[in-house]
């Protein structure tokens, strides 16, 4: 095995990566069946003789790149997967070359310093108190785990119980209050912490997915309340100000699952949604959605540093070192050895600045509204009040909607996923990529409309007679002004996106129902 110089290997990988990103907008979102089949070429026994590094990179690119999902492009709208700012990709590459272990300050002064600075900036952006501690973990799931571990420690310590030393056997019973719309990752964190995913008290939500405060149980100092900054379907926010007021009076702990929407706190125009969230005790979010840094990048924040440190810290004779008073990263995360995740967060925040971050949040919201307006203009039913970056749309029956989603994904111009919202099957559109342009949204709208038309034509052909069913309308028929009843487009009363969300962003009156859809 010949060894190519390091510089040549890295330059080759750089050129291949740049080529991948340049071409991503011209390829289908999903990998082709041929690309997936080629992955079988990678399934072989470990060779006795090693393979040249340039050949390894070539295989990775030529076989692997076509088999990726184009989430880095501007027309992937599933699962709230963000893209990656070019500066964060570059920072990630440099950090990988450094190959730092961000466990301690003395194992990587640069990693610890960038974490310090990033946490300071995050506290300022979110309006959190200066004593708030934080750490960088793998994602919002682990961020919620870490925050809830701090909550568990705090509440049990107040009862005289050291849970880290004694465990949960014989410990005072804690209660966890959540909304019916709680995200599954929070339930997983509760399960991992021994608090139980099925032992929660679920509070009903309103038609927008917000926790109903008047339905909450009486709180006490053994209660953890989990609220959402950004519902995974509607994008809406729980009434944090009211919840935090009740919790503070009772001595309860409030945790915010902000995986989907905590970054809205950085945009003053969205204060009508974010009011009160800074009064919570802990927050979980990530950088790989809204901030557009590479995977994986989670952020945990806790109002009182001592609680997070008590839940996470470790000690051993061989780990001695550091300066008294300095923040040691490993004292605030579940991991010891870990990559320097703060590097990309720092790079993104420095590159964007406060104004750039406000504009980024506004862009996602504006493009979600563009989707809602375009779909409503085509006559499709918008199921949610579009207040953030989430849009739910129905194309009639559950079967029709699922068929449309399948057709959209098969064509490959864009990608949207399905969900069920308050008993209705819907297509879910999540906008979270700075690479997305207004043209991308328009191309996606056209692709969605084509998919609907294809499903309807397929339905007609499956009739077996090759004739249109009663009530069927052509693509031209369904355009605005053709057989459609009067309707208000969401957001038509808003002059700019930077205005706070208002009552004009509501579900629309759609086109007359198509009789045959109930048969699908």
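Numbering (full-length UniProt numbering), first residue to last: 1 to 520.
All residues carry an ideal CB built from backbone N, CA and C; glycine is no exception.
Since the model is a prediction, treat every value here as computed from it, not as a measurement.
### Message
Once DSSP output is grouped into helix, strand and coil, what is the label at residue 104?
### Response
coil
### Own chain residues within Cβ distance below 7 Å of residue 489, not counting five before or after
In this prediction, residue 489 scores a pLDDT of 31, lower than 50, which makes its location untrustworthy; no coordinate-derived value is stated.
### Query
Just the Cα atoms here: how many angstroms apart are residue 47 and residue 95?
30 Å
### Task
Drop a sphere of 10 angstroms on the beta-carbon of residue 416, count the other beta-carbons inside from all chains shown, and report buried for 16 or more, exposed for fewer.
buried
### Task
Hey, could you find the ends of the alpha helix (DSSP H) residue 255 is sitting in?
Where residue 255 is concerned, there is no enclosing alpha helix (DSSP H), although the beta strand (DSSP E) it sits in stretches over 253-257.
### Task
Could you give the DSSP three-state label for residue 3: helix, strand or coil?
coil
### Task
Quick one: grab the DSSP three-state call for residue 580.
Residue 580 lies beyond the stretch modelled for the chain, which goes from 1 to 520, so this question has no answer here.
### Message
Looking at residue 236: is its Cβ nearer than 9 Å to the Cβ of residue 202?
### Response
no
### Message
Using only the alpha-carbon positions, how far apart do residue 20 and residue 30 sit?
### Response
14 Å
### Query
Are there 16 or more other CB atoms within 10 angstroms of the CB of residue 410, so buried, or fewer, so exposed?
exposed
### Query
Hey, how far is the Cα of residue 35 from the Cα of residue 27?
12 Å
### Query
Where does residue 441 sit, in a helix, a strand or coil, going by DSSP?
helix
### Message
I need the straight-line Cα distance from residue 232 to residue 388, nearest angstrom please.
### Response
11 Å
### Message
For the beta strand (DSSP E) containing residue 133, name the first residue and the last one.
### Response
133-137
#### Entry: Three-state secondary structure assigned by DSSP to residue 427
strand
### Query
Given a threshold of 16 other Cβ atoms within 10 Å of its Cβ, counted over all protein chains shown, does residue 98 qualify as buried or as exposed?
exposed
### Task
Just mark residue 329 as buried or exposed, buried being the case when its beta carbon has 16 or more other beta carbons within 10 Å.
buried
### Assigned secondary structure, residue 122 (DSSP; H/G/I helix, E/B strand, else coil)
helix
### Query
Cβ atoms of residue 195 and residue 229: under 9 Å apart, would you say?
no
### Task
Grab the span of the beta strand (DSSP E) containing residue 286 for me, first residue to last.
282-286
### Task
Rounded to whole angstroms, what's the CA-CA distance from residue 344 to residue 433? Just pull it up for me.
16 Å
### Task
Could you have a look at residue 65 and say whether DSSP puts it in helix, strand or coil?
helix
### Task
Please classify residue 386: does DSSP put it in a helix, a strand, or coil?
coil
### Query
Nearest-angstrom Cα distance between residue 226 and residue 216?
12 Å
### residue 192 versus residue 11: straight-line alpha-carbon distance, rounded
43 Å
### Task
Identify whether residue 370 lies in helix, strand or coil by the three-state DSSP scheme.
helix
### Query
Which class does residue 26 belong to by DSSP, given the choice of helix, strand or coil?
helix
### Helix, strand or coil at residue 20 [DSSP, three-state]
helix
### Task
Let me know the secondary structure DSSP gives residue 186 once reduced to three states.
helix
### Message
Judging by CA-CA distance, which residue of 458, 125, 386, 368 is the nearest neighbour of residue 208?
### Response
386
### Message
If contacts are defined as beta-carbon pairs under 8 Å, then residue 190 and residue 148 qualify, I think. What distance do you get, rounded to the angstrom?
### Response
7 Å
### Task
Go through the region 200-256 residue by residue and report every complete run of the beta strand (DSSP E) that reaches 3 residues or more, in order.
201-203, 223-228
### Query
Does the separation of the CB atoms of residue 292 and residue 358 fall below 9 Å?
no
### Message
In chain order, what are the residue ranges of uninterrupted alpha helix (DSSP H) at least 4 long that sit wholly in the region 390-420?
### Response
398-411
### Message
Among the candidates 248, 405, 347, whose CA atom is the shortest distance from the CA of residue 454?
### Response
405
### Task
Take every Cβ of the region 110-124, pair it with every Cβ of the region 335-350, and state whether three or more of those distances are shorter than 8 Å.
yes
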